[in-house]
């Protein structure tokens, strides 16, 4: 990664009218921004606006910003904010093609920029309007972008742009291997080379010069021609790995593990496809092997073929004439799975609708119909997909937790359709969950004619009496609690319904730290399956870190509340090690039980903390 400053000068506190006028006229001409990068209209960004200059407390305003391209002058961004000494945090989950990008900020005053939680720009100081650049290589796919900004006084400007400066192309007919001397695939590869296959068993050795025997990573890419059919892909590694076919992730096992092998059968359309394998070795023996066989038999859980639609059944698939999708074209993704071997999906928004679809059936006549939606086995992890059924001049809303199902038809209910037109099912991406934390699948919908109305069954949640609990966990927590008798017996009944809280998390060498805003507790989760909780006593004005504690290259010292616990509690520090990334704030879900707690993270999964001091993780 390359970081450089475009131009700078000291903060001007007083100026004559003539000088100010000249600056207003000349500044747009002086900015070294290419026309191609003038406005990055990729939205939406989640903008959190604070009435102080250090992002402290709860934001006064939370809104969706389509672009980060603001020149507020001497005014405030919102009536709820002061015109000086305010700060903003923007976050978004944005798709990129593979390649090297030049990111540019232009701010007055301070700015910080993270890409996938890696700090790439840090100019957090009072300054006149100044551009800064950072070049970074990105793999194909979505990347988490966070920009923080504050205004001290005078003029307030905040802009972010980027442009592709170098594309990364997989090698046709063979693999290109890139090897890194860290476990994060970060920075510039130590070396790259052509590979005929991904089939390595290094034992306790190194892949090559400049790469250590432990704590390294590699990325292999290629373009491969496939005939249409089902292919069985296999992966054998020690330690972590993940594999993509185009933009579809096939294997996601990015964690420390002993040698293990997995296989998965996937339908592949005819033509050329990109393959990407990423791997890291922590300690001990190192092994990485990836291969496929095809055209293979159908998957163990087969994708059901479209049944013939007779007089009593109508299926509207996502490639049928009755299916229409709309919204931001770049947000739509396709995958070769689901009903009929194809599904569309997108990431969720919070309140504002950005993408949507309708299913309009050509029904044989008026009457009652059972309406069911098909949920594929992947790209469907939202807990709150709201289907709207428009029928006979009425509208009924049904919420479905897609995350509970795997290649399954799910009944929305039974509804009367007049057959006179204007009757359809509608689904949009605004799930009220944390922005871009969940995926919605837009697959097939089935309408089956029924003889008489029957009660609708929108969700599979058991009744409270099933387990003798007054409160039954719902959605993701409910799926784990209901389907796992060991978890259920160890936790007992839920004491309260699930709720959302502000939280923070950080990965360390040998565990994870969580912070909860509602009770000010910091949890230390150790890799040996033991956890402990410590009260967060850090406050604004306390030292954020200890300059005398310098982490090894590639690691971080925990700061603020995490840092105080980590520094003051030597046992915690010894058991967790150094941080492997910077802390991240997010909206978590928690639910208390008689004998423990469940915590959900949009990145790390669901954690079950038992009162005996042990914990489990569910992805």
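Numbering (the working numbering), first residue to last: 9 to 627. C-beta atoms are modelled at their ideal positions from N, C-alpha and C, and glycine is treated no differently. Only a predicted model underlies this, so the values are computations on that prediction, with no experimental measurement involved.
Pair within 8 Å by beta-carbon distance, residue i and residue j
| i | j | result |
| --- | --- | --- |
| residue 144 | residue 102 | no |
| residue 488 | residue 614 | yes |
| residue 482 | residue 595 | no |
| residue 296 | residue 249 | yes |
| residue 359 | residue 238 | no |
| residue 430 | residue 518 | no |
| residue 117 | residue 150 | no |
| residue 385 | residue 345 | yes |
| residue 396 | residue 434 | yes |
| residue 533 | residue 541 | no |
Spatial neighbours of residue i in its chain, beta-carbon cut-off 6 Å, leaving aside the 5 residues before and after
| i | result |
| --- | --- |
| residue 618 | 498, 604 |
| residue 546 | 568, 569, 572 |
| residue 557 | 565 |
| residue 508 | 595, 597 |
| residue 56 | 67, 70, 97 |
| residue 80 | 164 |
| residue 95 | 58, 61, 63, 158 |
| residue 300 | 239, 241 |
| residue 280 | 231, 233 |
Simplified DSSP assignment, three categories, for residue i
| i | result |
| --- | --- |
| residue 218 | coil |
| residue 574 | helix |
| residue 603 | coil |
| residue 488 | helix |
| residue 390 | coil |
| residue 301 | strand |
| residue 499 | helix |
| residue 565 | coil |
| residue 583 | helix |
| residue 296 | strand |
| residue 185 | strand |
| residue 494 | helix |
| residue 465 | Any reading at residue 465 must be qualified, since the residue scores a pLDDT of 37, below 50, and its modelled position is unreliable; the value itself is stated next. Of the three classes helix, strand and coil, the one that applies to residue 465 here is coil, per DSSP. |
| residue 235 | coil |
| residue 412 | helix |
| residue 429 | coil |
| residue 339 | helix |
| residue 365 | strand |
| residue 612 | coil |
Straight-line gap, residue i to residue j (C-alpha atoms, nearest Å)
| i | j | result |
| --- | --- | --- |
| residue 302 | residue 284 | 18 Å |
| residue 349 | residue 602 | 44 Å |
| residue 419 | residue 446 | 21 Å |
| residue 240 | residue 272 | 5 Å |
| residue 194 | residue 112 | 20 Å |
| residue 263 | residue 553 | 28 Å |
| residue 591 | residue 122 | 11 Å |
| residue 563 | residue 587 | 6 Å |
| residue 258 | residue 83 | 49 Å |
| residue 231 | residue 254 | 9 Å |
| residue 278 | residue 146 | 27 Å |
| residue 225 | residue 261 | 14 Å |
| residue 550 | residue 608 | 29 Å |
| residue 575 | residue 362 | 44 Å |
| residue 355 | residue 616 | 26 Å |
| residue 583 | residue 520 | 11 Å |
| residue 612 | residue 357 | 19 Å |
| residue 104 | residue 352 | 18 Å |
| residue 485 | residue 87 | 39 Å |
| residue 342 | residue 265 | 31 Å |
| residue 270 | residue 287 | 14 Å |
Contact set for residue i: own chain, Cβ-Cβ below 7 Å, skip 5 residues either direction
| i | result |
| --- | --- |
| residue 452 | 323, 324, 325, 326, 347, 348, 382 |
| residue 221 | 212, 213, 214 |
| residue 206 | 183, 228, 285, 296, 297, 298 |
CB-CB length for residue i against residue j, believed under 8 Å
| i | j | result |
| --- | --- | --- |
| residue 425 | residue 377 | 6 Å |
| residue 218 | residue 199 | 7 Å |
| residue 243 | residue 156 | Not confirmed; about 37 Å, so no contact. |
| residue 421 | residue 367 | Rounded, the Cβ-Cβ distance is 15 Å, inconsistent with contact. |
| residue 610 | residue 515 | Going by Cβ atoms, the distance from residue 610 to residue 515 rounds to 14 Å, so no, they are not a contact pair. |
| residue 115 | residue 167 | 7 Å |
| residue 333 | residue 365 | 4 Å |
| residue 502 | residue 577 | 31 Å between Cβ atoms; not a contact. |
| residue 504 | residue 479 | 7 Å |
Cβ shell of residue i (< 8 Å), same chain only, five flanking positions each side left out
| i | result |
| --- | --- |
| residue 5 | What the structure shows of the chain is the stretch from 9 to 627, and residue 5 is not part of that stretch, so it cannot be assessed. |
| residue 398 | 430, 431, 432, 433, 434 |
| residue 460 | Interpretation of residue 460 is limited by its pLDDT of 43, a score under 50 that renders its predicted location unreliable; no figure is taken from the coordinates. |
| residue 137 | 35, 114, 115, 116, 163, 165 |
Below-8 Å beta-carbon distance, residue i vs any chain B residue
| i | result |
| --- | --- |
| residue 225 | This model lacks chain B altogether; it includes just one protein chain. |
Near the ligand SAH: residue i beta-carbon under 7 Å from a heavy atom
| i | result |
| --- | --- |
| residue 53 | Summarising the ligand content, the structure contains no ligands, and the ligand SAH is consequently not present. |
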